[in-house]
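In the UniProt record's numbering, the protein residues as written are 1 to 296.
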């Protein structure tokens, strides 16, 4: 896909961050848009920004949507077809973050992040894939993370979902290559992108005193690691789609961690443990048994 002019793109997580940046960038290139997000206010703001900053006469539709809701995703895909006539691209971009130890993480929190980060991508891919094939020229763009290439302590739920997105998308791309159906797929691995994901993330209390000093301090520290702005990320993603890349890395931090994982596929973990010990609070949390009784 060398041009987006006149095409139709469906984007989840369009109320802010990379989703909003992708919508604005595509609108400037004359691409019609179907935008979805759970945040109705943010979605309306994205629509206003498109209307006030884009000269191209593009059709933009919006849908307040929870990507974890399979039926709602399929209904939205059908609505996109009814309103736009075709769909050429789907950006499964919506995602959330969760910080917790494996031992203490609540099952409800794990189900929450899996439902959004993984099942949301699956729902979006499967709901739109028949329409992309019908267009004769389609592309699936799924957002994983640099932490779909490189694991870190305290983020097991996030790591698991992003590794899953990577595996799902790479298998999809191979199937599409074999089918030669005019549809392709790209997996996106952003590093630290300046979005709202940190402010909307869940940080479990078990992390305090273990890997972080306080929730407030942790959020501030995480924000400092976000070195790439969303507009630049959108530019890199769209370039990757034009080049039909299988994998898109965003940010010098993503390239560094990817290289580290390639060069030291298992040994990198020891480096992460060493760095975590140096950065972690001196007062450690008690270790918990499986029955949740504290062992002092």
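Yeah, the Cβ is synthetic: ideal placement off N, Cα and C, and Gly gets one too.
{"Asked": "Quick one: is residue 140 buried, meaning 16 or more other Cβ sit within 10 Å of its Cβ, or exposed?", "Found": "buried"}
{"Asked": "If you follow the alpha helix (DSSP H) that residue 270 is in, where does it begin and where does it stop?", "Found": "268-279"}
{"Asked": "Taking the alpha carbon of residue 116 as the point to measure from, which residue in 158, 146 and 154 has its own alpha carbon closest?", "Found": "158"}
{"Asked": "Give the secondary structure of residue 151 by DSSP, where H, G and I count as helix, E and B as strand, and everything else as coil.", "Found": "coil"}
{"Asked": "Within the present structure, is the beta-carbon of residue 135 separated from the nearest heavy atom of the ligand NAP by less than 6 Å?", "Found": "Only the bare structure without any ligand can be found here, which leaves the ligand NAP out of the picture."}
{"Asked": "Would you report the Cα separation of residue 49 and residue 257, rounded to the nearest angstrom?", "Found": "34 Å"}
{"Asked": "From 95, 32 and 82, pick the residue whose C-alpha is nearest to that of residue 16; which is it?", "Found": "95"}
{"Asked": "Along the chain, where does the beta strand (DSSP E) that runs through residue 57 open and close?", "Found": "That residue, residue 57, is in no beta strand (DSSP E); it is neither H nor E in DSSP."}
{"Asked": "Are residue 113 and residue 188 touching if we call contact CB-CB under 7 Å?", "Found": "no"}
{"Asked": "So, helix, strand or coil for residue 291, using DSSP?", "Found": "For residue 291, the predicted structure reports a pLDDT of 39, less than 50, and the residue's modelled location is therefore unreliable. The matter cannot be settled from this model."}
{"Asked": "How far does the alpha helix (DSSP H) with residue 178 in it extend, from its first residue to its last?", "Found": "156-179"}
{"Asked": "Taking the alpha helix (DSSP H) that residue 91 belongs to, which residues open and close that run?", "Found": "Run containing residue 91: none in the alpha helix (DSSP H); it sits in the beta strand (DSSP E), 89-92."}
{"Asked": "Is residue 37 buried or exposed, if buried means 16 or more other CB atoms sit within 10 Å of its CB?", "Found": "buried"}
{"Asked": "My output table needs one value for residue 8: the three-state DSSP class, helix, strand or coil.", "Found": "strand"}
{"Asked": "For residue 140, list the residues DSSP reports as bridge partners.", "Found": "90 and 185"}
{"Asked": "Please identify the residue among 40, 148, 35 and 180 whose C-alpha is closest to the C-alpha of residue 137.", "Found": "180"}
{"Asked": "Leaving aside the five residues before and after residue 145 along the sequence, list all residues of the same chain whose C-beta is less than 7 Å from its C-beta, in chain order.", "Found": "162, 189 and 190"}
{"Asked": "What residue from 150, 2 and 41 has the CA that sits closest to residue 26's CA?", "Found": "2"}
{"Asked": "Would you kindly check if the distance between the Cβ of residue 171 and the Cβ of residue 127 is under 7 Å?", "Found": "no"}
{"Asked": "Could you give the residue range of the beta strand (DSSP E) that holds residue 248?", "Found": "247-250"}
{"Asked": "Run through DSSP, which three-state label would residue 61 get?", "Found": "strand"}
{"Asked": "What is the rounded straight-line gap between the Cα of residue 7 and the Cα of residue 31?", "Found": "5 Å"}
{"Asked": "Could you work out which residue in 229, 270 and 241 is closest to residue 251 when comparing CA atoms only?", "Found": "229"}
{"Asked": "Can you name the start and end residues of the alpha helix (DSSP H) that residue 37 belongs to?", "Found": "Taken as a continuous stretch (DSSP letters only), residue 37 belongs to no alpha helix (DSSP H), being part of the beta strand (DSSP E) at 32-37."}
{"Asked": "Go through its chain and collect everything with a Cβ distance to residue 39's Cβ below 6 Å, but skip five positions before and after it.", "Found": "15"}
{"Asked": "Rounded to whole angstroms, what's the CA-CA distance from residue 235 to residue 22? Just pull it up for me.", "Found": "8 Å"}
{"Asked": "Is residue 3 helix, strand or coil by DSSP?", "Found": "coil"}
{"Asked": "Would residue 10 and residue 90 be called neighbours here (beta carbons separated by less than 7 Å)?", "Found": "yes"}
{"Asked": "With a cut-off of 8 Å on the beta carbons, I'd call residue 184 and residue 173 a contact; round off their distance for me.", "Found": "7 Å"}
{"Asked": "Straight-line CA distance for residue 56 to residue 241?", "Found": "21 Å"}
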